[in-house]
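Protein chains in written order, with the working numbering: chain A, -19 to 345; chain B, 37 to 349; chain C, 183 to 695; chain D, 28 to 413.
We put the CB at the ideal spot given by N, CA and C, even for glycine.
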Amino acid sequence: MDAMPKWADVVLVPVVSLLLAAIISAIVFVAVGQNPWDALKLMAYGAVGTSDFLGYTLFYATNFIFTGLAVAVAFHASLFNIGGEGQVLLGGLGAAIVCLYVPLPHWSLALIAGATAAAIFGALWVVIPAYLQARRGSHIVITTIMFNFMASGLLIFFLSGPMKPIGEMQVATAVFPAATHLPSLHDVAQMFGSEMFGRSPVNISIFLALIACVGVWALIWHTRLGYEIRSFGKSESAAKYAGISAVNITMVALLISGGLAGLMAVNNTMGINSPQLVDNAAGGAGFIGIAVALMGRNHPVGIVIAALLFGALYQGGAELSAATSIPVQIVVVIQALVIMFTGALDEMVRAPIEKLFLRSQRAGE
Amino acid sequence: DGHSAGPAIIYDLGGKFDKSFNESAFNGAQRWAEENGSEFAEFEITADAQREQAIRRFAEDGNNPIVMAGFSWATALGTAAVDYPDTKFVIIDMVVDAPNVRSVVFNEHEGSFLVGMMAAEASETDVVSFVGGMDIPLIRRFACGYAQGALAANPDATVIANMTGTTPSAWNDPVKGSELTLSQISQGSDVVFAAAGGTGIGVLQTAADEGILSIGVDANQNYLHPGQVLTSMMKRVDNAVYESFAAGDMVEPGFNVMGIGNGGVGYALDEFNAELVSAEMQEMVDAAAASITAGDLTVHDYMSDETCPVLEF
Amino acid sequence: MSDIAPAIELVGISKAFGPVQANKDISIRVMPGTIHGIIGENGAGKSTLMSILYGFYKADAGEVFISGQKTEIPDSQAAIAAGIGMVFQHFKLVKNFSVLENVVLGAEDGALLRPSLAKARKQLKSLATEYELNVDPDAIIEDIGVGMQQRVEILKALYRQADILILDEPTGVLTPAEADQLFRILGRLKEEGKTIILITHKLREIMDITDTVSVMRRGEMMATVKTSDTNPADLAERMVGRKVLLRVDKVPAQPKDVVLDVRDLNITDDKGVHRLKGVSFQVRAGEILGIAGVSGNGQSELLEVLGGYEKATGEILLNGDPIDLTGAYSDGQSRRARGIAHVPEDRQHEGLIMDFTAWENTAFGYHHDPKYQRNGLLMDNAAILKDAQEKMGRFDVRPPNPLLAAKNFSGGNQQKIVVAREIERDPDLLLVGQPTRGVDIGAIEFIHQQIVALRDQGKAILLVSVELEEIMGLSDRIAVMFDGQIMGERLPDQTNEKELGLLMAGMKDGEAA
Amino acid sequence: MDFFTFVQLGDASVRMAIPLLLACLAGLFSERAGIFDIGLEGKMLAAAFLSAAVSFASGNVWLGLLAGIGISVLLSVIHGLASITFKGNQLISGVAINFFAAGLTVVIAQGWFAQGGRTPSLPNDARFNGLDFPGALTRFRDKMQASPGMQFYSEFVSGHSILVYLGLLTVPLSWWILYRTRFGLRLRAVGEAPEAVDTAGISVVRLRFAAVAICGILCGIAGAYLSTAVQAGFTKDMTANRGFIALAALIFAKWRPWHALGACLLFSLFFAIDIQFPRLELRVVWIMVLLIGSGVAMTAYALRKDKIDVIVLGGLSLVLALVALLAWRGEMSDEIGAIAALFETVRVPSQLIQSLPYLFVVIVLAGFVGKAIPPRAGGQPYVKER
Ligand SMILES: Nc1ncnc2c1ncn2[C@@H]1O[C@H](COP(=O)(O)OP(=O)(O)OP(=O)(O)O)[C@@H](O)[C@H]1O
Ligand SMILES: Nc1ncnc2c1ncn2[C@@H]1O[C@H](COP(=O)(O)OP(=O)(O)OP(=O)(O)O)[C@@H](O)[C@H]1O
Ligand SMILES: [Mg+2]
Ligand SMILES: [Mg+2]
């Protein structure tokens, strides 16, 4: 028998972990002279206080859904794709090339073309790490970290050279043609006569993210490929026995993962108010994806919830830093704590809970 | 609601206390606040993604005018400004064409020309150098002006110019600044001009350590290493901010150039570098400044055609 | 006798691993200068008990007395100090260290290595002459054979001056000759007054060299008796809790056409070791070919080649058509498509995904089967679930709940899930590796019946097992493997365990006869 | 290039190698004991901050160094708790520590000094300054005119901060500890076979914590070196990926101290070249030979393997060939023909030079420079009881 009911694993453990992260975060707030309760209120207001703020929260959450899914798909194959950051950048490059150099008459076409290009570029960026992992056993974590740095170099090369408009100072491409600009949720709301989401950049890519969630769910639990990915992830030796090719699954799982990460670029290049690709387009979303996947237990539903939480944290943190003297890096600290407690210190939380359940089971017998 | 919450300033990524550009902007705001006993709102962004959000935040809070220091604000401001027609915006170092935006740019090439002359005069090796921050047209404008000045003072001089990088992190990489300086020293340079934001701190430090002269930028940085900083190329961002704050919501939109003539750029002379600047050096530089103001001397502006006649990048 | 304190006395030892109660209130006494055997089925808790004595695990309850003194053993350091040495079932050696370094590790004399190593080198030399335990002190562990590695483990214990030596299934990896030598050494140690505890599954070893024997079952100590007062049948009964039927009921085989024809199969692994050396044999429809041998002599590799997850050179014909051994169709999926089903040796690491539910495991390996698909894109999970339910019913898997994760079934029931999946494919050829390892006697009977029934349907079956009894009972023909070669073939009713044992030890066909 | 340029290149390499080397040896101790640590970066960063802050506040750089070591060890202990005590995922713990340090240094720096997340500049006597050996020249201008021997002595040998010399000393020291002491034997064993260590009666937990603590100390020195010797103060993210490059160097060095020195010097040479030759130019023909050559080699290798190798390596070769052709086309103007364009030079993008260490790591990992086998028990917690 399992020592713990499923709900405890899926809900109780993450909630306790989050609470612990919150407690340490509170201590950090106190240490920098901020009342944690006030900070929490400010952050909560900043995250959902107005429909604009909510829009920003959703915008960030969209990013994190993509990267969370990316990490999760690889996790199911027991592979740790820490290269989301780089894949997002390359995805951005793909989207930018399509939007800038291919005449696209309408945003719907731009969405399809941009998303395809972003996914392909993101996937391509993980080909070599995936190949090296599959074929030569080079550790995917180290290779993808290296590819993150190289992605940043490559992107800067393009954005400060070939793709930079003459006379511009910013390391960025030109602003994309208006036809490629994705409708924001505000535009959508306006069709219904609402002013929801105001000027926030949340846009229809959020639906793309949700479609991706459904896609990943179907892939992982309802297709042969997903079955093979999970088998390989749970037991490499058993997969070998079943005739599941380690090389193929490693490659395919990572390519899908890279493609999903690349897709995020649609949101943060074509979706933002001045659609363009800037040099630090990923903004740490690749790493946040790790926390999102961990907290979401690698399930799309969990990932959406975790992504919303991190979106709120990100947006709330930005507002907090705008209202107080606390730098926005406080978000990074909280994020680190969440990763630490939900990821690395999982056992610390889980073991006592498991013991409690075991004891009550024994007592019940 | 129309009620004004006072002026606001938003700094660029380098941060308020970069001892340079942003700090200079802060000083201007601070001076205005002290003189008027008023307060102003301020914000230091830490990521590009925050730009538009920050502008909107202040605009919605009713701050007026909203000053932003740095060219990187242009895109965000261009998008946001139209939504707040009643708010006045001031952008420094870049031009944004909108009815409620005042764009302030400086003739950095002119100021750089002056310190270039001083550098060549002070050099014993006839090699002077330049460390730029991020490799962008604006910084090349500094470099080009500096090289022209150096060659004007000493046609035999050699000018070495290096950029720290091509990303915003180049504004904040004192380690690399220091290494670049050492490399330049090895090529014979004995005066180094840093136009590199926070990176410049490393340049000035290394120059001081190695016993060569350095030239600060934006704010007066002479005090950082007394007797070892030849001068500072003053870019009176503080004045621009001060004036904008003083004008309040009456800030005049449009294009505003600050050059030598109107005190926008210049070189610093104070007790910390008095011994380094000889009378004839000062005379020569002041003469050049006068002829630039008079229009007798034109310093080539890199940004006018993205070329520099005397320097290759 | 009662005035001599026992060398070891364990009182009321209990130990749980999470929900598994591995040891339940166990008490045992071992007199000094004796060899004490411990037997019990897989998972009975033998290793756990000894590991507690050695300080590797901490008991939940119970006390330990060494030579009559109550002794706390919080860690192995304390056990070593109390004069206990242990050779684990799975050796605890640092593979890329030299023999010398392994011996010295943890028994160094000072903060600097040099003096310790020099001293150990001298000591090893004298131990080698004393006990015939010759090992090259500078050899790297991963370069020497398992027999040698075991010597190193024994030397480690002796170097630490152990008076009490625990050996956990030491002969599992040894040839009979090596085992004999080990027992000679144990005999000499006993003469010197050392106390030895020997865990083994082999009743013959118990009868041959132990003075007393304890039987464990399901975490409990069933009995401790004098070896001279018991016999193998009695021990077996105590071990499993009821009379043991060692023979399988079956009618004589009626072999038909050759289904599997293996010709000159060779494997060289990535370390350059020749694993299979020209293996050739045939299996006909309607017969069971049993392959006997000490584990590690190439049987696993043979199954892996046939199962499609190891490459080899040579030729394999299935129903007369060659099988792809290295190319694009040399994988498990292609093998299954050709009608080869495979009950792997290691159900936990190969046959099942322990974290998957029983129903998911039912499709494992056959997830491309059209009957499990809803359409070209999606799998039909409902169909798999239904299929699983039926199979579990037919094979009496307990509990018959397909939603339970595989890891939550007992070993025997896990094995039934695997056997059900493979047999129900109606294969032309069934590969079976160690079908009853760690399975209780009831399940053994059931599984054996299923295998025989499949044979009677006219299928070809290749059985690999290290249990000679199983081979003898189930096979229609027996081939013996040693060192990657087939040493000879016998018919079960025309041979005996002794003859097979000699073949397993590498005697040539003629010599063994 | 004259001799002094070489001396300078060497000098810069050594200077840049020290933080890499210290971090690399830190990783070496940790990973040799079986604890993977991608949190080297974060520990260095935290140490860089705190040592600068304490040096500034106290005016005593040694106190600063101690504080840096202290915080780095503290983070190590947290990593130890997560990965040793609670048997958590070591990679995730490392990621968390990197984030934690990156965020908290800025938050606290802002809270204490309100200078945009950096510390104030350290005055000279609150830094580790260069040690000038007797008779050594100190100024570049003097050195340039000196004899080669003097140049070597003054530039390469003399003038580094004490931490450089200490850092270099840690190499033989680490080697000696690992291979000549009881502690070293056990440490190496616990990374290979913790169960062997455990059954030998040695505490796996204690050993691993000791290793992790040593890792913390070395990272602490590395961080302090950056902010108090190389620089005069802390700036945000000042470690600039050195922790990751150190990890890569560790793999390249196959977890051996002397090799680590070599690997770090090699990597820091890339940095030195980037700084020393900001405008590196290369003949088009060499680019073509290099890129197309390696493309051909890869394709040849792939053709002897499977379909997947052909797709991946063939595709990569095509990309390389394309880059080579672009470089060539780019130079081909009206006046000069196709052949002459081959002998033109093109500027190597600085991003490429900066990416070279990372690229190099990938090539190393690919196993083309020799297979690197990590400690066998590395990355996995030692679990006795499930
Ligand atoms: N480290 C462990 N963590 C959790 N459970 C364990 C552990 N070791 C053993 N067990 C469980 O404890 C029980 C007893 O195992 P033990 O290894 O003592 O059996 P054994 O009698 O030695 O069996 P075998 O003959 O297979 O060696 C089994 O159910 C086993 O699964
Ligand atoms: N030593 C033991 N003491 C108590 N319970 C045990 C022991 N070993 C196993 N169990 C229980 O029996 C269940 C089956 O585990 P295990 O595979 O060890 O069983 P088994 O007795 O060998 O069964 P099978 O005969 O089917 O192989 C476990 O879930 C556990 O709860
Ligand atoms: Mg056992
Ligand atoms: Mg069992």
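Residue i at chain C interface by Cβ criterion, 9 Å
i: A:S208; result: Per the sequence shown, residue 208 of chain A should be read as Glu rather than Ser. Chain C, which has a Cβ nearer than 9 Å to the Cβ of A:E208, makes this yes.
i: D:V224; result: yes
i: A:Q170; result: no
i: D:K411; result: yes
i: D:A287; result: no
i: A:T230; result: no
Residue i classed as buried or exposed, judged by whether at least 16 other C-beta atoms fall within 10 angstroms
i: D:F298; result: buried
i: C:E387; result: buried
i: A:S340; result: exposed
i: D:Y328; result: exposed
i: A:V(-9); result: exposed
i: B:K55; result: buried
i: B:T334; result: exposed
i: D:F76; result: buried
i: D:P206; result: First, the residue type needs correcting, since residue 206 of chain D is Tyr and not Pro in the sequence shown. So D:Y206 ends up on the exposed side.
Beta carbon proximity, residue i to chain A, threshold 9 Å
i: D:P402; result: no
i: D:D333; result: yes
i: C:F546; result: yes
i: C:G454; result: no
i: B:S108; result: yes
i: D:T255; result: no
Proximity winner among the options, relative to residue i (alpha-carbon distances)
i: C:F664; options: C:V525, C:A570, C:K690; result: C:K690
i: C:H443; options: C:I505, C:H630, C:E604; result: According to the sequence shown, residue 443 of chain C is Asp rather than His. That would be C:I505, whose Cα lies nearest to the Cα of C:D443.
i: B:A193; options: B:I175, B:I221, B:L216, B:S159; result: B:S159
i: C:V422; options: C:M403, C:A321, C:I498; result: C:M403
i: C:E527; options: A:Y221, A:S237, A:L59, A:I125; result: A:Y221
i: C:K432; options: C:R399, C:G468, C:G454, C:D320; result: C:G468
i: C:G401; options: C:S308, C:A241, C:A540; result: C:A241
Supposed contact pair residue j and residue i - C-beta distance, whole angstroms, cut 8 Å
i: B:S280; j: B:V126; result: 4 Å
i: C:L152; j: C:K376; result: Look at the range of chain C in this structure, 183 to 695, and you will see that residue 152 of chain C is not part of it.
i: B:Q184; j: B:V301; result: No, B:Q184 and B:V301 are not in contact; Cβ-Cβ is about 14 Å, not under 8 Å.
i: A:V68; j: A:G242; result: 7 Å
CB contact check: residue i to chain B, cutoff 9 Å
i: D:M71; result: no
i: A:G147; result: yes
i: A:A241; result: no
i: D:T112; result: no
Beta carbon proximity, residue i to chain D, threshold 9 Å
i: A:N15; result: no
Item to complete: Scan the segment 160 to 178 of chain D for residues whose Cβ lies nearer than 9 Å to a Cβ of chain B and list them as they occur along the chain.
Response: T165, R166, F167, R168, K170, M171
Practice prompt. Check each residue of the segment 484 to 505 of chain C: if its Cβ is closer than 7 Å to any Cβ of chain D, include it; give the result in chain order.
Written response: Within the segment 484 to 505 of chain C, no residue places its CB atom closer than 7 Å to a CB of chain D.
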